[in-house]
Amino acid sequence: MNSASCAAKISTQPFSLNPTSPASHDRPLVSPKPTSLFLGSTRKLRLSSSSKLNLHRRSGTVVAVSDVVKQKKSKSTHSLLITKEEGLELYEDMILGRAFEDMCAQMYYRGKMFGFVHLYNGQEAVSTGFIKLLKQQDSVVSTYRDHVHALSKGVPARAVMSELFGKTTGCCRGQGGSMHMFSREHNLLGGFAFIGEGIPVATGAAFTSKYKREVLKEADCDHVTLAFFGDGTCNNGQFFECLNMAALWKLPIVFVVENNLWAIGMSHLRATSDPQIYKKGPAFGMPGIHVDGMDVLKVREVAKEAIGRARRGEGPTLVECETYRFRGHSLADPDELRDPAEKAHYAARDPITALKKYLIENSLASEADLKAIDKKIDEVVEDAVEFADESPVPSQSQLLENVFADPKGFGIGPDGRYRCEDPKFTEGTAHV
Amino acid sequence: MLAIARQRMLGQSFKKILPAVSVLRSYSSAAKQITVREALNSALDEEMSADPKVFLMGEEVGEYQGAYKITKGLLEKYGPERVLDTPITEAGFTGIGVGAAYYGLKPVVEFMTFNFSMQAIDHIINSAAKSNYMSAGQISVPIVFRGPNGAAAGVGAQHSQCYAAWYASCPGLKVLSPYNSEDARGLLKAAIRDPDPVVFLENELLYGESFPVSDEVLDSSFCLPIGKAKIEREGKDVTITAFSKMVGYALKVSEMLERDGIYAEVINLRSIRPLDRSTINTSVRKTNRLITVEEGFPQHGVGAEICASVVEESFSYLDAPVERIAGADVPMPYAANLERMAVPQVEDIVRAAKRACYRSVPLAATA
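Those protein sequence lines, which keep their order, are chains A and B. Counting in full-length UniProt numbering, the first sequence runs without a single skipped number right up to 432 at its last residue. Counting in full-length UniProt numbering, the second sequence runs without a single skipped number right up to 367 at its last residue.
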């Protein structure tokens with residue numbers, strides 16, 4: 001945890017434990033680099049963007065706790081953030097995400113998987129850091145880069161792999177695919193191909209949680225919703241619409257921006273007038289936090305705070321996680337526009353390696369423990385592939401199923417049952 | 001099918017609106033008159049009181065009492081948690097409605113007109129209509145999108161489009177369009193109770209019109225089936241299908257044709273998706289001629305679908321080419337005389353019916 005530099009303080013300023021204090025977003029931010037990056041050659045852009053990132057890293061490691069606590073932490077380097085069990089759980093989840101995605105790449109190139117496949121390598125810290133703090137009834141809404149969100153939320157690897165293979169044993173019986181992972185049981189609400197589409201849906205899920213508590217009087221309903229989306233989405237109208245409404249109605253939601261700096265081939269800096277996304281939170285009346293998304297422990301600390309806020313009914317939070325995807329946008333993306341130096345810079349900050357180092361240095365786990373987990377996960381992923389391979393493809397009759405929840409589309413009768421179940425209706429003698 | 005239609009006719013008397021309706025067996029229920037607005041308001045009221053999961057959302061639905069006063073009185077009765085005035089963010093609040101519906105709440109999302117639904121169409125189609133299918137039945141979306149659709153009076157091109165054909169082409173949506181107060185009450189109640197996303201297309205000019213309704217319609221458990229059309233008037237010479245405001249025109253037309261000895265059968269579609277193909281085809285097999293009437297643009301419209309369906313299923317029964325009457329293939333003009341020419345008028349439908357019956361008719365001026 002870095003000590004708070006001046007810039008870091010300012011970026012924590014908008015987040016205060018008193019939600020009604022006016023955010024100091026009118027104070028000019030110490031800009032790490034002049035913002036004339038948008039013209040000129042992309043080569044210059046890449047170089048300047050990576051140096052901007054360096055500065056960002058130094059100034060941006062924010063901990064979302066009050067200054068007092070932050071100082072305490074930096075003094076006592078011996079206080080650990082996690083227990084052994086938690087550490088191993090986090091490690092296992094991240095390894096599962098990584099191994100699974102690598103296997104997806106292999107399967108795609110072997111032709112078992114098809115269409116659009118977007119892999120999450122490198123961003124595991126965000127998914128693990130946030131989702132492992134949730135209960136089963138909390139919900140997660142994601143984008144097309146949703147395999148690892150599904151796995152972290154508890155959807156079995158077998159179900160996700162089968163879904164990707166298009167088999168009937170997949171979590172959506174093969175009807176959704178890579179980009180549309182839904183699970184009612186685990187409250188994973190998708191899986192949306194349109195960026196920005198998931199944000200209002202997540203806000204609606206948060207709205208339901210509040211509605212259940214206040215209107216339906218389920219007093220203990222404190223379900224929280226997490227909306228995951230990327231940097232490109234933060235220029236989309238729906239993002240701002242939902243920041244407004246979530247803050248207006250104080251909904252229990254956390255908006256998690258996985259800022260991996262690239263939207264396919266469009267650099268975040270070329271697309272955004274003010275690239276510091278966390279600043280957009282206070283503009284709508286909610287805290288905005290920037291965190292190092294390559295460090296699962298930092299993400300987890302921020303997540304605890306944000307999720308806690310939501311659960312207590314204090315309203316939404318915008319968390320910007322600076323992260324990076326090691327692979328291209330999708331498996332069809334040749335990934336030619338990104339500077340190799342930038343990729344190397346982030347590969348050196350691989351979240352899994354970082355956690356491993358932390359666990360070993362702090363004697364929370366031994367190499368052997370971690371190797372055992374690696375092996376276990378390899379077996380899980382192999383088993384998932386075998387299961388998916390052996391599963392049957394959907395039967396022809398599945399094509400027309402589930403268009404409506406209502407079997408024949410005739411609606412519900414006055415007695416509350418489906419009309420098509422009423423024999424008098426189907427015989428044509430029912431009085432309507 | 002006709003048995004049901006006949007029984008339905010008994011409960012209604014069109015005496016006030018259409019003096020000469022031939023197939024009416026006199027059934028002297030003291031018919032109460034309510035406007036379509038009152039019908040919709042009472043339907044919303046009853047459904048909200050029956051099920052606490054139903055809530056309203058939209059611009060001006062609360063304190064303004066509804067942009068067209070459809071939601072009048074509901075804020076006072078149910079409070080601001082259940083009648084939400086939203087900011088002007090169609091995409092955002094429609095998505096919020098869908099997200100809430102994923103969890104079993106029953107939102108009724110109002111669009112001030114369906115033209116504004118284009119800002120939210122991603123949510124209507126992609127996150128509402130397709131979700132039950134994409135999730136293989138895990139996530140159903142019991143949401144209703146309602147609002148005025150189609151041309152009003154002098155509101156210009158961006159406020160006058162009919163969206164029936166657009167939404168009806170999408171699997172996973174149910175699209176309903178009521179005509180009179182009975183339709184409005186019955187279909188809205190059915191839509192709110194329905195577990196699937198329903199697009200409910202009202203008509204602004206019909207809001208103020210009164211229609212007689214029987215006691216059964218006023219009962220709080222009344223609801224109409226989805227996917228079933230209604231034969232408003234029986235006939236034997238030509239079938240005229242219509243929905244929403246055009247049903248009123250078609251009924252006027254049928255009176256005018258009767259004087260010339262042509263007995264038209266008027267079908268009120270009520271449900272654009274699922275389309276009641278069996279009623280339409282049965283009727284065409286009886287009359288052998290078809291005219292479809294709609295206010296929207298002609299290309300790829302509702303009439304196009306009906307004509308195709310009839311040609312596919314009842315071709316050998318047709319005695320004349322199928323005809324579709326639709327709005328002009330232009331964005332709606334503002335000038336009153338041009339606007340009149342851009343939507344079907346009673347005379348256009350009469351001419352088409354006579355053409356279908358091979359009476360010699362002078363052609364109207366066409367572009």
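Built from N, CA and C at the ideal position, the CB exists for glycine as well. None of the values given here were measured: they were computed from a predicted structure.
The C-beta distance from residue 141 (chain B) to residue 197 (chain B) rounds to 5 angstroms, short enough to fall under 8 angstroms. Counting the other CB atoms within 10 Å of its CB gives residue 203 (chain A) a total of 16 or more, which places it among the buried residues. Taking C-beta separations shorter than 8 angstroms and ignoring five residues to either side along the sequence, the partners of residue 68 (chain B) in its chain run 37, 148, 204, 207, following chain order. Residue 338 (chain B) and residue 250 (chain B) have their C-alpha atoms some 21 angstroms from each other. Boundaries of the beta strand (DSSP E) around residue 212 (chain B): 210-213. Between residue 262 (chain A) and residue 338 (chain A), the gap from beta carbon to beta carbon is short of 8 angstroms. Close partners of residue 205 (chain A) in chain B (Cβ separation under 8 angstroms): 99, 100, 102, 103. Inter-residue distance for residue 371 (chain A) and residue 91 (chain A) is about 11 angstroms (C-alpha atoms, whole angstroms). Note on residue 116 (chain A): under 16 other CB atoms within 10 angstroms of its CB, so exposed under the neighbour-count rule. Just so you know, the alpha carbons of residue 101 (chain B) and residue 352 (chain A) end up roughly 38 angstroms apart. The beta carbon of residue 364 (chain A) does not come within 8 angstroms of any beta carbon belonging to chain B, so the residue lies off that interface.
Here residue 93 (chain A) is near residue 132 (chain A), since their CB atoms are less than 8 angstroms apart. The residue among A:89, A:226, A:350, A:158 with its C-alpha nearest the C-alpha of residue 100 (chain A) is A:158. Under the three-pair Cβ rule at 8 angstroms, the stretch 282-297 of chain A counts as touching the stretch 352-368 of chain A. Counted as a single uninterrupted DSSP element, the beta strand (DSSP E) harbouring residue 145 (chain B) occupies residues 144-148. Residues of the stretch 129-140 of chain B with a Cβ closer than 7 angstroms to any Cβ of chain A, in chain order: 132, 133, 134, 135, 136, 137, 138, 139, 140. Our two residues, residue 340 (chain A) and residue 192 (chain A), have alpha carbons roughly 30 angstroms apart in a direct line.
Interface annotation for the stretch 129-151 of chain A against chain B: empty, criterion Cβ-Cβ distance under 7 angstroms. The beta carbon of residue 159 (chain B) does not come within 8 angstroms of any beta carbon belonging to chain A, so the residue lies off that interface. Between residue 179 (chain A) and residue 160 (chain A), the C-beta spacing is not below 8 angstroms.
Within the stretch 257-321 of chain B, the runs of alpha helix (DSSP H) that reach at least 4 residues and sit entirely inside it are, in chain order, 277-287, 302-314.
Rounded to the nearest angstrom, the gap between the Cα atoms of residue 201 (chain B) and residue 297 (chain B) is 16 angstroms. The continuous alpha helix (DSSP H) containing residue 161 (chain A) extends over residues 157-165. Exclusion of the five residues before and after residue 309 (chain B) leaves 277 as the residues of its chain whose Cβ lies within less than 6 angstroms of its Cβ. Residues of chain A with a Cβ closer than 7 angstroms to the Cβ of residue 221 (chain B) are, in chain order, 414.
In this structure residue 219 (chain A) is exposed. Its beta-carbon is surrounded by fewer than 16 other beta-carbon atoms within 10 angstroms. Counted as a single uninterrupted DSSP element, the alpha helix (DSSP H) harbouring residue 310 (chain A) occupies residues 296-312. By the beta-carbon neighbour count (other beta carbons within 10 angstroms, threshold 16), residue 143 (chain B) is buried. For residue 69 (chain B), the secondary structure class from DSSP, reduced to helix, strand or coil, is coil. One alpha carbon belongs to residue 225 (chain B), the other to residue 209 (chain B), and they sit about 23 angstroms apart.
Under DSSP, residue 394 (chain A) takes part in no beta bridge, so it has no partner. Between residue 58 (chain B) and the set B:282, B:116, B:265, the nearest pair of CA atoms involves B:116. With its beta carbon at least 8 angstroms from every one in chain A, residue 37 (chain B) lies outside the interface. Taking a Cβ-Cβ cut-off of 7 angstroms, residue 151 (chain B) has no neighbours in chain A, whose nearest Cβ is about 28 angstroms from it. Contact of residue 193 (chain B) with chain A by beta-carbon distance below 8 angstroms involves 411, 412, 416. When the Cα atoms are used, residue 252 (chain B) and residue 154 (chain B) turn out to be separated by approximately 23 angstroms.
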